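Structure first, then comments.
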Amino acid sequence: MDEKREQHQRKKAIRLWRKGIGISRILKIVSRSRAWLSKWKERYRQHGWKGLQSQSRKPQRSSHAYPPHVRRLIVRAYQRVQKRRWGLRGMGATRRELRVTYGLRPAPSVSTIKRVLRAAGVFKRRRRAKTESFYPQPHPTATYAIHAMDWTERFLHGGAKVYAFHTLDLETRACVQTIFSDKTAKSVTAHLKKVWKTRGIPQGLQIDNDAAFYGSRRVPHHFGQIVRLCLYVGIEPIFIPVGEAKRNGDVERLHGLWDQAVWQQVHFDSVKAAQDFTPQFERWYMNEYEPPKLNGQTPRDSERGRPRYQLTESLWQAIPDEAPLVAGRIHFIRRVSAEGTIEVLNEQWHISKRLAGDYVWATLWTHRHLLEVFHRRSAESPMKRIKTFHYAIDEPVEPLLPEFKQHSRRRKMFTMS
Numbered sequence: 006m007d008e009k010r011e012q013h014q015r016k017k018a019i020r021l022w023r024k025g026i027g028i029s030r031i032l033k034i035v036s037r038s039r040a041w042l043s044k045w046k047e048r049y050r051q052h053g054w055k056g057l058q059s060q061s062r063k064p065q066r067s068s069h070a071y072p073p074h075v076r077r078l079i080v081r082a083y084q085r086v087q088k089r090r091w092g093l094r095g096m097g098a099t100r101r102e103l104r105v106t107y108g109l110r111p112a113p114s115v116s117t118i119k120r121v122l123r124a125a126g127v128f129k130r131r132r133r134a135k136t137e138s139f140y141p142q143p144h145p146t147a148t149y150a151i152h153a154m155d156w157t158e159r160f161l162h163g164g165a166k167v168y169a170f171h172t173l174d175l176e177t178r179a180c181v182q183t184i185f186s187d188k189t190a191k192s193v194t195a196h197l198k199k200v201w202k203t204r205g206i207p208q209g210l211q212i213d214n215d216a217a218f219y220g221s222r223r224v225p226h227h228f229g230q231i232v233r234l235c236l237y238v239g240i241e242p243i244f245i246p247v248g249e250a251k252r253n254g255d256v257e258r259l260h261g262l263w264d265q266a267v268w269q270q271v272h273f274d275s276v277k278a279a280q281d282f283t284p285q286f287e288r289w290y291m292n293e294y295e296p297p298k299l300n301g302q303t304p305r306d307s308e309r310g311r312p313r314y315q316l317t318e319s320l321w322q323a324i325p326d327e328a329p330l331v332a333g334r335i336h337f338i339r340r341v342s343a344e345g346t347i348e349v350l351n352e353q354w355h356i357s358k359r360l361a362g363d364y365v366w367a368t369l370w371t372h373r374h375l376l377e378v379f380h381r382r383s384a385e386s387p388m389k390r391i392k393t394f395h396y397a398i399d400e401p402v403e404p405l406l407p408e409f410k411q412h413s414r415r416r417k418m419f420t421m422s
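Adding 5 to a residue's 1-based position in the sequence shown gives its number in this note's numbering.
Right, here's the structure in full:
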């Protein structure tokens with residue numbers, strides 16, 4: 006993090022707030038979240054301009070500073086959550102157990118709980134993996150919501166397969182789940198319909214290159230059914246690199262959360278039984294689970310007061326079964342091969358051998374018949390356009406219908422990561 010630039014953004018936001026500028030306008034100017042602004046407003050109220058400086062991340066107190074009975078309570082709470090029939094059993098669940106069941110306020114932080122448990126010999130520290138080339142991770146803003154979608158499979162007793170689809174709002178952490186016996190385009194479409202009717206239509210949808218989302222993996226210039234559907238309602242698909250599921254890590258962790266909290270704890274004897282449990286999982290997740298990135302809030306708390314452009318049944322019925330190709334953008338994050346090429350819609354495009362191993366961001370403009378490629382060398386470097394290609398499309402490209410035009414302006418490419 007560039008500390009000097011961060012302090013500049015904090016001061017800029019506070020000056021705008023003191024002038025009476027609206028919250029939504031401030032968030033758009035500084036490209037930060039509502040939680041970020043609330044945090045620095047509170048720091049400013051308590052400590053003035055000095056409060057906008059970053060504080061040391063060193064723990065305020067050692068785990069040994071807690072009296073022995075509190076340390077024993079932490080171990081007891083951790084052991085208690087391990088015995089649950091279903092639900093979470095990690096550090097966040099332990100912290101909530103201390104706060105809710107044992108009335109310990111303020112509850113120790115997650116890092117303190119880990120240190121106490123390590124000191125007690127409950128578990129050992131894990132080593133972190135080494136870092137690699139800079140990855141242009143898409144990030145949401147106040148005016149550009151991004152959902153992440155993926156599926157995971159499980160087997161019922163007897164061999165029948167269950168596909169659980171999850172979509173996660175990367176800002177509010179709100180989630181939607183649907184369960185099917187297959188992963189056809191029809192099932193994906195039904196899942197998206199539920200997402201857009203309940204959580205709203207985002208500006209971007211981050212997905213992997215599975216045929217269920219990407220379409221044909223063989224035919225060049227092929228626009229799959231899900232890509233067409235997204236463009237039709239004004240969503241920009243964002244495809245992560247091929248073979249790198251970890252780049253959709255937030256929703257991958259949601260799969261693991263569901264598996265840990267539900268699938269390993271509850272016996273399902275049919276697809277319908279698993280489907281019937283979905284509302285219970287969603288209620289628990291939205292109202293009780295506290296995602297680490299929300300700092301003690303639930304997803305329901307996080308999304309409260311946020312405007313959502315929800316899909317109505319009448320709008321859904323107006324979408325044709327076979328959507329035409331509509332004006333918009335499709336994004337592809339790709340790693341440059343040793344030959345200096347990347348793959349976009351089953352076709353190789355030469356970038357540069359100098360960038361072999363680096364990640365680039367390719368954006369296809371359907372209505373402009375244009376493929377632009379951007380590169381960002383590091384977190385401190387700006388994103389630069391390095392290649393522009395003509396992209397021939399052999400079918401009409403229709404304009405986006407007015408009813409699907411959201412009121413925010415199209416996001417500039419240089420701010421996408």
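All C-beta atoms, glycine included, are put in the ideal place defined by N, C-alpha and C.
All values reported here derive from a predicted model rather than from experimental measurement.
>> Considering only the alpha carbon of each residue, which of V331, T393 and R373 lies closest to L405?
In response: V331
>> How far does the alpha helix (DSSP H) with R359 in it extend, from its first residue to its last?
In response: R359 -> no alpha helix (DSSP H), and no H or E assigned at all.
>> What would DSSP say about T194, mapped onto helix, strand or coil?
In response: helix
> Going by C-alpha distance, which of G254, R10 and D306 is nearest D155?
Replying inline: G254
> Smallest Cα separation from P407: which of G239, H152 and F273?
Replying inline: G239
> If you draw a straight line from the alpha carbon of K135 to that of R252, how long is it in whole angstroms?
Replying inline: Any reading at K135 must be qualified, since the residue scores a pLDDT of 48, below 50, and its modelled position is unreliable; the value itself is stated next. If you take the alpha carbons of K135 and R252, they lie about 15 angstroms apart.
>> Can you tell me whether K417 is buried or exposed? The criterion is at least 16 other CB atoms within 10 Å of its CB, across all chains shown.
In response: exposed
> Beta carbon of V427, beta carbon of I79: below 8 angstroms?
Replying inline: No answer is possible for residue 427: it lies beyond the span of the chain, which begins at 6 and ends at 422.
> If you draw a straight line from the alpha carbon of A279 to that of Q285, how long is it in whole angstroms?
Replying inline: 11 angstroms
> beta strand (DSSP E) containing V378: first to last residue?
Replying inline: L375 to H380
>> Using the Cβ count rule (16 or more neighbours within 10 Å means buried), how would you classify R204?
In response: buried
>> Quick check on this structure: which residue in F337, A169 and E11 has the alpha carbon closest to the alpha carbon of W366?
In response: F337
> What does DSSP give as the partner residues of W370 in its beta bridges?
Replying inline: R334 and L375
> Apart from the five residues on each side of it in sequence, which residues of its chain come closer than 7 angstroms, Cβ to Cβ, to H355?
Replying inline: G345 and T346
>> Less than 6 angstroms between C-beta atoms, sequence neighbours within five positions excluded: which residues of the same chain meet that for I243?
In response: P143, G209, Q211 and H336
> What are the residues that DSSP puts in a beta bridge with V232?
Replying inline: Per DSSP, none; premise fails for V232.
>> Considering only DSSP beta bridges, list what T172 is partnered with.
In response: M154 and V181
> Can you tell me whether R81 is buried or exposed, with buried defined as 16 or more other CB within 10 angstroms of its CB?
Replying inline: exposed
>> Between which residues of its own chain and Q87 is the CB-CB distance below 8 angstroms, once the five residues before and five after are set aside?
In response: R94
> Would you call S29 buried or exposed, if buried means 16 or more other Cβ atoms sit within 10 Å of its Cβ?
Replying inline: exposed
> Under the rule that 16 or more other beta-carbon atoms within 10 Å means buried, what is A147, buried or exposed?
Replying inline: buried
> Do the CB positions of N214 and V247 come within less than 8 angstroms of each other?
Replying inline: yes
> Helix, strand or coil: how does DSSP classify R110 here?
Replying inline: coil
> Which two residues bound the contiguous alpha helix (DSSP H) that contains E241?
Replying inline: It is not in any alpha helix (DSSP H) - E241 instead sits in the beta strand (DSSP E) that spans E241 to F244.
>> Would R382 and F139 qualify as a contact pair, given that the criterion is a beta-carbon distance under 8 angstroms?
In response: yes
> Taking the C-alpha atoms as reference points, what is the distance between L376 and L350?
Replying inline: 11 angstroms
>> Can you look up H395 in the DSSP assignment and give me helix, strand or coil?
In response: strand
> Can you check whether the CB of L259 is closer than 8 angstroms to the CB of H171?
Replying inline: yes
>> Tell me the DSSP secondary structure of I212 in three-state form.
In response: strand
> According to the Cβ coordinates, are L316 and I206 closer than 8 angstroms?
Replying inline: yes
> Relative to the alpha-carbon of M388, which residue among G25, G56, S357 and P141 has its alpha-carbon at the smallest distance?
Replying inline: P141
> Does the distance from the C-beta atom of A169 to that of W263 stay below 8 angstroms?
Replying inline: yes
> With 16 other CB atoms within 10 Å as the buried threshold, where does K24 fall?
Replying inline: exposed
> By a C-beta neighbour count over all protein chains shown, 10 Å radius and 16 as the cutoff for buried, is R76 buried or exposed?
Replying inline: buried
> Could you give the residue range of the alpha helix (DSSP H) that holds W54?
Replying inline: Neither: W54 is in no alpha helix (DSSP H) and is coded neither H nor E.
> Alpha carbon to alpha carbon, what distance is there between G301 and D174?
Replying inline: 17 angstroms
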